[in-house]
Amino acid sequence: MTADGGVAEDEEKWLAAGITGLQQNAFYMHRALDSNNLKDALKYSAQMLSELRTSRLSPTKAFDELRRLEIFFLEETRRGCSIIDLYELVQHAGNILPRLYLLCTVGSVYIKSKEAPAKDILKDLVEMCRGVQHPLRGLFLRSYLSQVSRDKLPDIGSEYEGDADTVMDAVEFVLQNFTEMNKLWVRMQYQGPAGKKERREKERSELRDLVGKNLHVLSQIEGVDLDIYRETLLSRVLEQVVNCKDELAQYYLMDCIIQVFPDEYHLQTLDVLLGACPQLQPSVDIKMVLSRLMERLSNYAASSAGVLPEFLQVDAFTKLNGAIGKVIGAQADMPVAGVVALYSSLLMFTLHVHPDRMDYADQVLGSCVDKLSGIGKVEDSQATKQIVALLSSPLDKYNDVNTALKLTNYPRVMEYLDLETNKVMASIIIRSILKNNTVISSSNKVEALFQLLKGLLQDADGDHDEVDEEDIKEDQNSISRLIQMLHNDDPVQMFKILNIVKNNILTGGVKRLPHTVPPLVFSSLKLVRRLQSRMESGAEEEVVSETQKIFQLLNQIIEALSNIPVPELSLRLYLQCAEAANDSDLEPVAYEFFTQAYILYEEEISDSRAQVTAIHLIIGTLQRMHVFGVENRDTLTHKATGYSAKLLKKPDKCRAVYACSHLFWASDPDGVRDGERVLLCLKRALKIADAAQHMANVTRGSSGSVTLFIEILNKYLYFFEKGNPQITVTTIQDLIALITTEMQSDSAIPDPAANSFLARTMQYIQFQKQKGGSISEKYEPLQV
Amino acid sequence: MNYLLGAFKPASHISIVFTDEKNRKKVPIKKENGQTVMALLFQSQENIVGKISIEPVQGKKIEHNGIKVELLGQIEMYFDRGNFYDFTSLVRELDVPGELYEKKLYPFEFSTVEMPYETYNGVNVRLRYVLKVTISRGYAGSIIEYQDFVVRNYSPPPSINNSIKMEVGIEDCMHIEFEYNKSKYHLKDVIIGKIYFLLVRIKIKNMDLEIRRRESTGSGANTHVETETLAKFELMDGAPVRVPRSRYETMSDGDIILELKRKREDDFITHQPSESIPIRLFLSPYELTPTHRNINNKFSVKYYLNLVLVDEEDRRYFKQQEIIMYRLAEDSS
Chain A
1 MTADGGVAED EEKWLAAGIT GLQQNAFYMH RALDSNNLKD ALKYSAQMLS ELRTSRLSPT
61 KAFDELRRLE IFFLEETRRG CSIIDLYELV QHAGNILPRL YLLCTVGSVY IKSKEAPAKD
121 ILKDLVEMCR GVQHPLRGLF LRSYLSQVSR DKLPDIGSEY EGDADTVMDA VEFVLQNFTE
181 MNKLWVRMQY QGPAGKKERR EKERSELRDL VGKNLHVLSQ IEGVDLDIYR ETLLSRVLEQ
241 VVNCKDELAQ YYLMDCIIQV FPDEYHLQTL DVLLGACPQL QPSVDIKMVL SRLMERLSNY
301 AASSAGVLPE FLQVDAFTKL NGAIGKVIGA QADMPVAGVV ALYSSLLMFT LHVHPDRMDY
361 ADQVLGSCVD KLSGIGKVED SQATKQIVAL LSSPLDKYND VNTALKLTNY PRVMEYLDLE
421 TNKVMASIII RSILKNNTVI SSSNKVEALF QLLKGLLQDA DGDHDEVDEE DIKEDQNSIS
481 RLIQMLHNDD PVQMFKILNI VKNNILTGGV KRLPHTVPPL VFSSLKLVRR LQSRMESGAE
541 EEVVSETQKI FQLLNQIIEA LSNIPVPELS LRLYLQCAEA ANDSDLEPVA YEFFTQAYIL
601 YEEEISDSRA QVTAIHLIIG TLQRMHVFGV ENRDTLTHKA TGYSAKLLKK PDKCRAVYAC
661 SHLFWASDPD GVRDGERVLL CLKRALKIAD AAQHMANVTR GSSGSVTLFI EILNKYLYFF
721 EKGNPQITVT TIQDLIALIT TEMQSDSAIP DPAANSFLAR TMQYIQFQKQ KGGSISEKYE
781 PLQV
Chain B
1 MNYLLGAFKP ASHISIVFTD EKNRKKVPIK KENGQTVMAL LFQSQENIVG KISIEPVQGK
61 KIEHNGIKVE LLGQIEMYFD RGNFYDFTSL VRELDVPGEL YEKKLYPFEF STVEMPYETY
121 NGVNVRLRYV LKVTISRGYA GSIIEYQDFV VRNYSPPPSI NNSIKMEVGI EDCMHIEFEY
181 NKSKYHLKDV IIGKIYFLLV RIKIKNMDLE IRRRESTGSG ANTHVETETL AKFELMDGAP
241 VRVPRSRYET MSDGDIILEL KRKREDDFIT HQPSESIPIR LFLSPYELTP THRNINNKFS
301 VKYYLNLVLV DEEDRRYFKQ QEIIMYRLAE DSS
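Written as structure tokens, this is what we have:
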């Protein structure tokens, strides 16, 4: 014995010596075998096997030799040596280890000879093996026994089949060997000095398959039916598992049981199997065990639809749920992550097996909430990860957030997440919706959904940290996309939904509103248009009041936005709304929106570039408005032209002013058509262009571009074509002349863009001339 | 064989032939010089019949004062070597005094000879049966020839044969229970038994079952006791219970005799599941004899089963228990 020495070098030496001894004796044994010398064969095989006793030799090599010996014994019996005598003879060996190896070897031949019932011999062997109580050597010996006996069990249909209880005999034998092996395996950890515990545990886990193999053998016994499994086998195995009180063994063996026996057996014996779980050591990773079980059962359920009734019959779900509760109850210090993981796998199970039973899923979440309550927010990152997994699984399974929204406990679980994770979870939910194009159509669901998304919609209390702009943008983008996914064909319902969205997003704060308001606005406007189309089919009053309500809503929303302030955005939205109101024939509403837009323009938009953009938007929108009465229209138009004239840069001013000309010439022939004022605008624009030219001359010494003039020329041509009587051939002719002069003046700098612009314009005139019809007639007098 | 013996006697050639020599079983017997020879096997109450042939060396005549054959049962103590104690002595006169010129055959017969003791070859004592042929001569010294034979006596199976059951241990340290299926075994018997470990706080390395023979010779103050271990049979490798740490430090460095314990409901016994180790020891490979009690007040041979537990410091803990050995008639064993 190396005793406490344990130096690696020493051990190696021992090992080498052991191997040499083994080989030497094996050699002599072979010689004895070859010369049919039984006595020597026994002697040397015993000596060879003794090497197993003194060293930590792996016995595989010796096992091979024993194969040869077994063949020899077999031949020996054919030569007339009584197997019974042989069976006794090997037991004369004084050392127990060689004795028992030889006994197993001869026993194997004995069974083959059928001179005694297999069960008796096996029983004797497994009993005699008790003599080796050294854990490692005992394990190897018994695994040898298991190896030689595997094909000799008195199983049904086997050639060694015995009397009525034959299967039980086979089971009993394997069970006993298993039990003893497990005891040895468990005891292994107490061998040797305390300091090397880690190494021993490693060694032990390397040996676990020797023990587990027995369970595999049990599962291979043909004659084991459900009754035997339930009544005897499982309870005996579990008894051993529970009683061994060893973490490593319990975990491994539970897993083995789950993996080697058929699913339908598990299903039918769930009570028993689950009953063992709370009795395991607290350190055993039961959640892995249970989740493996549930995984297997899920797969089983998925394998064929025919097995589902079985699940219902045994009420698998309730049992699993109960068991998980008990396990958590029994293991008081189980980490939160473990608890959640358990429920997560249960949820997976029920989703797979009972996809139609939402109540089950909800029950799982409810149980989870119960266990979480009293803990407060979950901070542990492992646990939060598990919660996210838990919450994601219904989404993944159904690809439809609607189902998740039906789970009343879903938001309750989510509440336990910390802020960060809550956001993550919310994003997952949104992604799922977007990925699957899920349309969410009821106000209740929308409300529920926005409850879940709270994390993304608001700054939480105490969340004063600087949040990454990018993140916010991304989150809010997805929210925006989400808003577009909310839809209900019934306008009343849809309006409710919009209201809910509004209530939820308005508190979003400076960073979120610019992202969330526009989609809501457009979503609302979409509804307005839908209402309009309904208008044509009657129910006018109702529609009008509905529409008005929507506009009120819109007003509130945009107002919230303008308070931030993001005036440009608000202005655009106001104008959009105004146009929608126009289409709905709601003059006061449209006017109000315009007013709001103007106020914004006046009070908030001071950047000249922004002003230019804004003024063009205003003009464009206003041009299309037909709902206004003269007075309102005048007011607005007046204001717009006024703003245009006040722009800072001359070219901007010029462009704004000629754009204003459109305000007096509606495209609709029934609308306003005030040719004089159009001309007035254009003339003013020309003046401004001229002034701009002058200014350029003065400040830079060269005249500016004539582009503005050409642009104005195009306007002239436009109105000329539209039939504005104030625009005559002469006026156009004059303008062309003016442009030509300007371009040829000394101070003009050649501007290819302007040149080609003019050339294109001229070409257009030529084209119109040759086109024929009334247009050509109109153009005819024009001299180019 | 017989003529070989005769070769040492130059004067004559004496050979002893048993009548049923051809059919009678022979068993090996150890001579003083260590040689093993085969000798005929008899049992008590048998007739010992045969012929003695005496052939003088060529051309010589033997003058004698008479020829006799004796059947002797002798006990020889080795500390008193050469001094035989005859517990049986039968004589047959073969010839009256006279002269012998040529080979002559003398039939002899001892009928239903009482041979109560078995042939025994021990450490300090030997019990043997011998035929002694004496040609008495006055001056030249007698010519003597010996012929050993073996006696074995058979017993019927005992009518009462209880098992041996015992609880032994050391207070708070070890508590085991063992059981041997019988208290009386025949020579080819099998010892079947079990050992139960009820409490072990010693790191047991292995456990052996020994068969010990205790031969005591002489009597009173002159008693010599010799104990031999005839079999050392390993019953267990390792120990069936875990010992967290060595809680027990024995005072003694030597062997420790396990005390007899009364059965009691120790807490530990109820808590620790008892593990049992099987015993199956075939006696046939060992050279055992029946138990001999007080043979003619000269010696006794007793057998013991010794259960030995060895701990990691090679201390031995043991309990010895006598068993009775008997010889069962071969055909029924």
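Residue numbers (our numbering), protein chains in the order written: chain A, 1 to 784; chain B, 1 to 333.
Note that the Cβ used here is the ideal one computed from N, Cα and C, for glycine as well.
Quantities reported herein were computed from a predicted structural model and do not represent experimental measurements.
DSSP state of residue 428 of chain A, grouped into three classes? helix
Can you tell me the Cα-Cα spacing of residue 21 of chain B and residue 50 of chain B, whole angstroms? 9 angstroms
Check whether residue 517 of chain A and residue 582 of chain A have beta carbons under 7 angstroms apart: no
Measuring alpha carbon to alpha carbon, tell me which residue in A:577, A:600, A:646, A:565 is nearest residue 624 of chain A. A:577
Mapping DSSP to helix, strand and coil, what is residue 117 of chain B? coil
According to a CB-to-CB cut-off of less than 8 angstroms, which residues of the region 129-140 of chain A neighbour chain B? 130, 131, 132, 133, 134, 135, 137, 138
Spatial neighbours of residue 562 of chain A within its chain, please: CB distance less than 7 angstroms, with the 5 preceding and 5 following residues excluded, ordered by chain position. 570, 600
Limits of the unbroken alpha helix (DSSP H) element including residue 61 of chain A: 60-78
Collapsed DSSP secondary structure at residue 272 of chain B in the structure displayed: Its pLDDT being 48, under 50, residue 272 of chain B is placed unreliably by the model, and nothing is read from it.
So with CB distances below 9 angstroms, who are the chain B contacts of residue 88 of chain A? 190, 282, 284
Can you give me the C-alpha to C-alpha distance between residue 615 of chain A and residue 593 of chain A, rounded to a whole angstrom? 15 angstroms
Going by the CB atoms, is the gap between residue 127 of chain B and residue 110 of chain B shorter than 7 angstroms? no
Kindly indicate if chain A contains any beta-carbon less than 7 angstroms away from that of residue 314 of chain B. no
Run through chain A and tell me which residues come within less than 8 angstroms of residue 278 of chain B, C-beta to C-beta. 127, 128, 130, 131
Could you please give the first and the last residue of the uninterrupted alpha helix (DSSP H) stretch that includes residue 727 of chain A? Careful: residue 727 of chain A lies outside any alpha helix (DSSP H) and carries neither H nor E.
Return the CA-CA distance between residue 335 of chain A and residue 165 of chain A, expressed in angstroms with no decimal places. 47 angstroms
At least 3 beta-carbon pairs within less than 8 angstroms: the region 274-282 of chain A vs the region 314-328 of chain A: yes
Does the Cβ of residue 18 of chain A have 16 or more other Cβ atoms within 10 Å, making it buried, or fewer, making it exposed? buried
Closest Cβ-Cβ distance between residue 311 of chain B and chain A: below 7 angstroms? no
Report, in whole angstroms, the separation of the C-beta atoms of residue 651 of chain A and residue 735 of chain A, which I expect to be a contact under 8 angstroms. Contact flag wrong, Cβ pair sits at about 17 angstroms.
Closest to residue 250 of chain A by C-alpha separation, out of A:410, A:386, A:288, would be which residue? A:288
Using 10 angstroms around the beta-carbon of residue 91 of chain A, count the other beta-carbons present and answer buried if the total reaches 16, otherwise exposed. buried
Using a Cβ cut-off of 8 angstroms, which residues of the region 90-108 of chain A contact any Cβ in chain B, in chain order? 91, 92, 94, 95, 96, 97, 99
Residue 215 of chain A versus residue 500 of chain A - alpha carbon distance: 59 angstroms
Rounded to whole angstroms, what's the CA-CA distance from residue 14 of chain B to residue 143 of chain B? Just pull it up for me. 9 angstroms
Expressed to the nearest angstrom, what Euclidean distance is found between the alpha-carbon atoms of residue 295 of chain B and residue 30 of chain B? 20 angstroms
Is the beta carbon of residue 94 of chain B less than 7 angstroms from the beta carbon of residue 68 of chain B? yes
If we require 4 or more residues per run, which alpha helix (DSSP H) segments fall completely within the region 327-368 of chain A? 336-353
CB contact check: residue 169 of chain B to chain D, cutoff 7 angstroms: Considering every chain present, this structure includes no chain D. Its protein chains are A and B.
Three Cβ pairs or more, each shorter than 8 angstroms: is that satisfied between the region 63-74 of chain A and the region 114-121 of chain A? no
Can you tell me whether DSSP reads residue 203 of chain B as helix, strand or coil? coil
Tell me, to the nearest whole angstrom, how far the beta carbon of residue 298 of chain A is from that of residue 353 of chain A; I am working on the premise that it is less than 8 angstroms. 6 angstroms
Taking C-beta pairs closer than 9 angstroms, name the residues in chain B that residue 53 of chain A reaches, listed in chain order. 237
Is there a C-beta anywhere in chain A that falls below 7 angstroms from the one on residue 165 of chain B? no
Here's a check: name, in chain order, each residue in its chain whose Cβ is nearer than 8 angstroms to the Cβ of residue 355 of chain A, leaving out the five neighbours to either side. 397, 398
Assumed close pair residue 212 of chain A, residue 252 of chain A - CB separation to whole angstroms, cut-off 8 angstroms: 7 angstroms
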